[in-house]
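Chains as they are written, first to last, in our numbering: chain A, 8 to 428; chain B, 8 to 428; chain C, 350 to 480; chain D, 350 to 480.
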Amino acid sequence: MAACVLVFLCVDPMKLDVTKTRKDFPILEREVRPGVRLTYLDSTATSQKPLSVIQTMDDFYRMSNANIHRGVHSLAEESTTLYEGARERIAKFINSASARQVIYTRNTTESINLVAYSWARANLKQGDLVILTEMEHHSNLVPWHMLQAERGIELDFVPVTEDGLLDMETYKTLLSRSPKLVSFTHMSNVLGTINPAAEIIRLAHAAGAITLVDGAQSAPHLQVDVQDLDADFFAFSAHKMCGPTGIGVLYGKAALLESMPPFLGGGDMIREVKLRSFRANSLPHKFEAGTPAIAEAIGFGAAVDYLATLGMENIAAHEHEVTEYALERLEEIPGVKLFGPSADKKGGVAAFTLDGIHPHDVAQILDQDGIAVRAGHHCAQPLHEKFGIPATSRASFYLYNTKEEVDMLVNGIYKVKKMFG
Amino acid sequence: MAACVLVFLCVDPMKLDVTKTRKDFPILEREVRPGVRLTYLDSTATSQKPLSVIQTMDDFYRMSNANIHRGVHSLAEESTTLYEGARERIAKFINSASARQVIYTRNTTESINLVAYSWARANLKQGDLVILTEMEHHSNLVPWHMLQAERGIELDFVPVTEDGLLDMETYKTLLSRSPKLVSFTHMSNVLGTINPAAEIIRLAHAAGAITLVDGAQSAPHLQVDVQDLDADFFAFSAHKMCGPTGIGVLYGKAALLESMPPFLGGGDMIREVKLRSFRANSLPHKFEAGTPAIAEAIGFGAAVDYLATLGMENIAAHEHEVTEYALERLEEIPGVKLFGPSADKKGGVAAFTLDGIHPHDVAQILDQDGIAVRAGHHCAQPLHEKFGIPATSRASFYLYNTKEEVDMLVNGIYKVKKMFG
Amino acid sequence: MDDLYREVIIEHYKNPSHRGKLDPHDISFADNNPLCGDHIQIDLRVGADGVVTDARFDGHGCAISQASADLLMEFIIGKPLEEVKKLNKESVLELLGIDLGPVRLKCALLSLKVLKAGVYGLGEASDDLVE
Amino acid sequence: MDDLYREVIIEHYKNPSHRGKLDPHDISFADNNPLCGDHIQIDLRVGADGVVTDARFDGHGCAISQASADLLMEFIIGKPLEEVKKLNKESVLELLGIDLGPVRLKCALLSLKVLKAGVYGLGEASDDLVE
Ligand SMILES: Cc1ncc(COP(=O)(O)O)c(C=O)c1O
Ligand SMILES: Cc1ncc(COP(=O)(O)O)c(C=O)c1O
Numbered sequence: 008m009a010a011c012v013l014v015f016l017c018v019d020p021m022k023l024d025v026t027k028t029r030k031d032f033p034i035l036e037r038e039v040r041p042g043v044r045l046t047y048l049d050s051t052a053t054s055q056k057p058l059s060v061i062q063t064m065d066d067f068y069r070m071s072n073a074n075i076h077r078g079v080h081s082l083a084e085e086s087t088t089l090y091e092g093a094r095e096r097i098a099k100f101i102n103s104a105s106a107r108q109v110i111y112t113r114n115t116t117e118s119i120n121l122v123a124y125s126w127a128r129a130n131l132k133q134g135d136l137v138i139l140t141e142m143e144h145h146s147n148l149v150p151w152h153m154l155q156a157e158r159g160i161e162l163d164f165v166p167v168t169e170d171g172l173l174d175m176e177t178y179k180t181l182l183s184r185s186p187k188l189v190s191f192t193h194m195s196n197v198l199g200t201i202n203p204a205a206e207i208i209r210l211a212h213a214a215g216a217i218t219l220v221d222g223a224q225s226a227p228h229l230q231v232d233v234q235d236l237d238a239d240f241f242a243f244s245a246h247k248m249c250g251p252t253g254i255g256v257l258y259g260k261a262a263l264l265e266s267m268p269p270f271l272g273g274g275d276m277i278r279e280v281k282l283r284s285f286r287a288n289s290l291p292h293k294f295e296a297g298t299p300a301i302a303e304a305i306g307f308g309a310a311v312d313y314l315a316t317l318g319m320e321n322i323a324a325h326e327h328e329v330t331e332y333a334l335e336r337l338e339e340i341p342g343v344k345l346f347g348p349s350a351d352k353k354g355g356v357a358a359f360t361l362d363g364i365h366p367h368d369v370a371q372i373l374d375q376d377g378i379a380v381r382a383g384h385h386c387a388q389p390l391h392e393k394f395g396i397p398a399t400s401r402a403s404f405y406l407y408n409t410k411e412e413v414d415m416l417v418n419g420i421y422k423v424k425k426m427f428g
Numbered sequence: 008m009a010a011c012v013l014v015f016l017c018v019d020p021m022k023l024d025v026t027k028t029r030k031d032f033p034i035l036e037r038e039v040r041p042g043v044r045l046t047y048l049d050s051t052a053t054s055q056k057p058l059s060v061i062q063t064m065d066d067f068y069r070m071s072n073a074n075i076h077r078g079v080h081s082l083a084e085e086s087t088t089l090y091e092g093a094r095e096r097i098a099k100f101i102n103s104a105s106a107r108q109v110i111y112t113r114n115t116t117e118s119i120n121l122v123a124y125s126w127a128r129a130n131l132k133q134g135d136l137v138i139l140t141e142m143e144h145h146s147n148l149v150p151w152h153m154l155q156a157e158r159g160i161e162l163d164f165v166p167v168t169e170d171g172l173l174d175m176e177t178y179k180t181l182l183s184r185s186p187k188l189v190s191f192t193h194m195s196n197v198l199g200t201i202n203p204a205a206e207i208i209r210l211a212h213a214a215g216a217i218t219l220v221d222g223a224q225s226a227p228h229l230q231v232d233v234q235d236l237d238a239d240f241f242a243f244s245a246h247k248m249c250g251p252t253g254i255g256v257l258y259g260k261a262a263l264l265e266s267m268p269p270f271l272g273g274g275d276m277i278r279e280v281k282l283r284s285f286r287a288n289s290l291p292h293k294f295e296a297g298t299p300a301i302a303e304a305i306g307f308g309a310a311v312d313y314l315a316t317l318g319m320e321n322i323a324a325h326e327h328e329v330t331e332y333a334l335e336r337l338e339e340i341p342g343v344k345l346f347g348p349s350a351d352k353k354g355g356v357a358a359f360t361l362d363g364i365h366p367h368d369v370a371q372i373l374d375q376d377g378i379a380v381r382a383g384h385h386c387a388q389p390l391h392e393k394f395g396i397p398a399t400s401r402a403s404f405y406l407y408n409t410k411e412e413v414d415m416l417v418n419g420i421y422k423v424k425k426m427f428g
Numbered sequence: 350m351d352d353l354y355r356e357v358i359i360e361h362y363k364n365p366s367h368r369g370k371l372d373p374h375d376i377s378f379a380d381n382n383p384l385c386g387d388h389i390q391i392d393l394r395v396g397a398d399g400v401v402t403d404a405r406f407d408g409h410g411c412a413i414s415q416a417s418a419d420l421l422m423e424f425i426i427g428k429p430l431e432e433v434k435k436l437n438k439e440s441v442l443e444l445l446g447i448d449l450g451p452v453r454l455k456c457a458l459l460s461l462k463v464l465k466a467g468v469y470g471l472g473e474a475s476d477d478l479v480e
Numbered sequence: 350m351d352d353l354y355r356e357v358i359i360e361h362y363k364n365p366s367h368r369g370k371l372d373p374h375d376i377s378f379a380d381n382n383p384l385c386g387d388h389i390q391i392d393l394r395v396g397a398d399g400v401v402t403d404a405r406f407d408g409h410g411c412a413i414s415q416a417s418a419d420l421l422m423e424f425i426i427g428k429p430l431e432e433v434k435k436l437n438k439e440s441v442l443e444l445l446g447i448d449l450g451p452v453r454l455k456c457a458l459l460s461l462k463v464l465k466a467g468v469y470g471l472g473e474a475s476d477d478l479v480e
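Here it is in structure tokens:
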């Protein structure tokens, strides 16, 4: 890793060579319809995949595919080594103290549910308070709604201010009610807001609460250091960070994970099974029941390699440049209303409404020019309700996006306006 | 589908052209070490993947990758169509009445846990009886152990006879105790026994019980018709049937699935989310929280296409021929003890012990000749305990295996004996 | 684009002829499109002979969903409920005169789902109603 | 193959010199390899000075696990417990004189895990003990 960083420093510190980077992504060559090239501005929903990730999985199936852990033949040894090797690199990527604190799941959603089913059901009782925020994704709301219905826990919410920030004063007041858990998004998938995670966690710990960070949007875009954050749990998905679908991670502090009962029962998560009882395996296997997403874990390993080679600071800097430009240009368009804070407080997300035109129609008409943006509530209905709107259009930017693509978007929006004019 | 079957009937009824089939699997060309070609006899753990499946996923990532359902741009429409199209073909493959009864999960294990968490926790109370069998995989034991510990349900087990069959008389006696659920494996992954699933289900229904079929081993090898079986739930994994890792299915009767509470909470499984409550989506989405294993579902679709084109009867017939030959040849080796019924009552699995030599050593030494067999308890510890052994070696056969490979295995076992002689 | 945003669709979206509520009404039902949160409420008046005498929709949504709701209301007025029950995906696509992918199809069909759930007296507007 | 099944390993497997139980003993612990169900029990006698005076293993397993258990027992007799606590993966591989992939490594390390869990008085033989 150190060597790679050095190489990049020599080329151009803090700069991503985006023309070169784009070549790593075969799909960016694609024509959406004859003569119309893809302008992909939907990475917040899912990112595109570089060749190295696609090729790694392809190679696995062509060369090494076998079930892991329980086999002694060469392929089984190979696939086990690849699967566990990926875990170690993912652990390093987020600076986990050890690989066994990295639990493979399907996605961020399953990671959060794992905490809700295992840790929370073992530790929360009626009346216990869980603090969330108004900007949460449904994946960090519904698991707690379910627990509220089942267990009678209480939920309260850190409000979002008009400019899309968390109201930290109210948060401090809420903490005085001794919550058991504070679960919040590191970066909003609508507003783009990068929340002060370390500060939120420090205050939560001071109030005696455990913390869960929804890192679905931060892990792809920011340098994440779980030890520096002091996060108790940290959840993220491969598919949003150049990796395949079907694989995500729950990171947890070792003592917490060890104290938790298993979640799913089955093969691999056991140490011993009798007809009427079982003993659970040690970490990380305790939480990985059944044949895991082997090729996908290995692909995830290739994805973090790819990101680490580019350098997360460089990626963040590039995104910031594109986002700043996008916000500037979008603001100029009459009838466009942008949501979320200014560029210095947010990641590469621009959610907006266009007066009198529904976001679905905006997205559909942009698509005619090959511009892919998302329209809807982006799995954050309560946040949209807070702002009094049912839906927004959302353009999002990742390491392969350019200012020229922002210009395409802006021109497209003028077209939409004309059509509905 | 009908057309494909016709084509095959013209070529050669009931016969798989295995030389041709092998060419579809790139890994079978692989040398495990210089000069030593792979002899893969471990398909019961996981099957190899044909080119069409590998290519389908590769194409998806290069051409169509986008998140599904919530997007209106072209790629999102494409990936949604591919994802849902795969579901329809999988539904057809098992003859489900509708695609919405096919829930995507990670694997068989998660499918069974889904029933244990959602259906069982909503329907079983202390003292309620669940009937399993002594030949279950850990994935159909541990979820019920967990429920036993949490809820105080009772478990009882259909015994396995000396020759590896279910003791149906005892089963009938157990049924008189009014079980709420009968959950059993369609085909044993150790003994190879194909259980009389339709009969087991008929009797269970007559006793008022719901049924769950662990189809992890039957779906890859037999023509499965869930309506014909009258199964209430049927669970299986793609990776054992030419598909990718990271994707499986829970089939369920529509009325049951509709009556069940959601399992994992998050994006996509909701109809509407408020800050403090949610309404669940309709089937199948109710049970698919978060970004699913999109590429994997699409790869699974390609896998069932592949199997359907070959014809499940042809596959079963081919496997039967190889298995019969293998059992014959293995039986001749002094010191080999085979487990399970005769070839006419079982699928392509041959589990055995070799006098005085541990299965790990057998597998390891076979591996020197590129022969991949599995050694251990194969996630069926109680079954091994029943037979008074800690572990077996297991060779298993699928559509690409040949009698020549059986000969390799037999020669290899003689080598093992010599080394430990 | 011309296909998807035919003039008639933009016209019905901008100037719907059947937007509003009916008070009193015989049937009223509302539900959401879970994919985007779009919301539609439909109110009907039904004569003693089971024929729809008036119909209105309200709520918010995209041009496709609003235009199809407006066209649907126009279409069912004067039709017996038994006929309304038989409407399906194809009926709506015919009214719109366009072809749609799986996601936009949900927009187009929301009003029909809500209508049928209301007519059948169901608790929610599920997809099977329009298959 | 010659590497993995060196004569000394087959010899220790077939004719172990430290198989059995100790009664009485000062330390006794048993656990399984979760991957294959192999089981090892280890009994120790420890002098007042903290030196291992006798050691035996029992259970069942493959040649690698049994030979490494036998070699390990031989090795620790006469060593102080403080030194036993310091043994790790490398110590066992050195005793065996071979290199192993991740799955067979678990076989080789089972006896050391059980030994250390016993010496530390832990509830189970976990992987971190030998990392
Ligand atoms: C009979 C049986 N049931 C369940 C499973 C579990 O399947 P998976 O590991 O894909 O969840 C297996 C495979 O190992 C099996 O053979
Ligand atoms: C902030 C946030 N949390 C959670 C999720 C859920 O991620 P996944 O769908 O991969 O489980 C997403 C992505 O949609 C997200 O943006």
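Think of the CB as a built atom: it goes at the ideal place given N, C-alpha and C, for glycine as much as any other residue.
query                                                                                                                                                                     : result
From residue 398 (chain B) to residue 385 (chain D), what distance separates their C-alpha atoms?                                                                         : 7 Å
Against chain A, with Cβ distances strictly below 9 Å, would residue 355 (chain D) count as a contact?                                                                    : no
Scan the region 110-125 of chain A for residues whose Cβ lies nearer than 8 Å to a Cβ of chain B and list them as they occur along the chain.                             : 113, 114, 115, 116, 117, 119, 120, 123, 124
Does any residue of chain C have a CB that is nearer than 9 Å to the CB of residue 298 (chain B)?                                                                         : no
If you reduce the DSSP assignment to three classes, tell me which class residue 225 (chain B) lands in.                                                                   : coil
Determine which residues of the region 432-445 of chain D have a Cβ less than 8 Å from any Cβ of chain A, and write them out in chain order.                              : none
Quick check on DSSP: helix, strand or coil for residue 47 (chain B)?                                                                                                      : strand
Which full runs of the alpha helix (DSSP H) of 4+ residues lie inside the region 174-226 of chain A, going along the chain?                                               : 175-182, 204-213
Judging by CA-CA distance, which residue of C:422, C:444, C:392 is the nearest neighbour of residue 355 (chain C)?                                                        : C:444
Can you name the residues of chain A whose CB is closer than 7 Å to the CB of residue 246 (chain B)?                                                                      : 298
Compute the Euclidean distance between the alpha carbons of residue 414 (chain D) and residue 428 (chain D), then round it to the nearest angstrom.                       : 21 Å
Between residue 272 (chain A) and residue 125 (chain A), what straight-line distance do the alpha-carbon atoms span, to the nearest angstrom?                             : 12 Å
Report the three-state DSSP secondary structure of residue 11 (chain B) (helix, strand or coil).                                                                          : Residue confidence for residue 11 (chain B) is low, a pLDDT of 39 falling below 50, so the modelled location carries little weight; the figure read from the coordinates is stated next. Three-state DSSP puts residue 11 (chain B) in a helix.
Mind checking whether residue 254 (chain A) and residue 304 (chain A) have CB atoms under 9 Å apart?                                                                      : yes
Closer than 9 Å, CB to CB, is residue 386 (chain C) near chain B or not?                                                                                                  : yes
Do residue 231 (chain B) and residue 319 (chain B) have their C-beta atoms closer together than 9 Å?                                                                      : yes
Cutting at 7 Å between CB atoms, please list the residues of its own chain near residue 166 (chain A), excluding the five before and the five after it.                   : 141, 174, 177
Measure from the alpha carbon of residue 147 (chain B) to the alpha carbon of each residue in A:274, A:228, A:290, A:300, then state which is nearest.                    : A:274
May I ask you to report which of helix, strand or coil DSSP gives residue 259 (chain B)?                                                                                  : strand
Need the endpoints of the alpha helix (DSSP H) that residue 421 (chain A) sits in, please.                                                                                : 410-427
May I ask you to report which of helix, strand or coil DSSP gives residue 413 (chain D)?                                                                                  : helix
Straight-line CA distance for residue 458 (chain D) to residue 441 (chain D)?                                                                                             : 7 Å
Under 9 Å, Cβ to Cβ, is there at least one residue of chain D near residue 166 (chain B)?                                                                                 : no
By how many angstroms is the C-alpha of residue 339 (chain A) removed from the C-alpha of residue 412 (chain A)?                                                          : 16 Å
Just to make sure I have the definition right: I need the residues of chain C whose C-beta is within less than 9 Å of the C-beta of residue 78 (chain A). Which are they? : Within 9 Å Cβ-Cβ: nothing; residue 78 (chain A) doesn't reach chain C, min ~40 Å.
Any beta carbon from chain C within less than 9 Å of residue 383 (chain A)'s own beta carbon?                                                                             : yes
Does the Cβ-Cβ distance between residue 51 (chain B) and residue 385 (chain B) come in under 9 Å?                                                                         : yes
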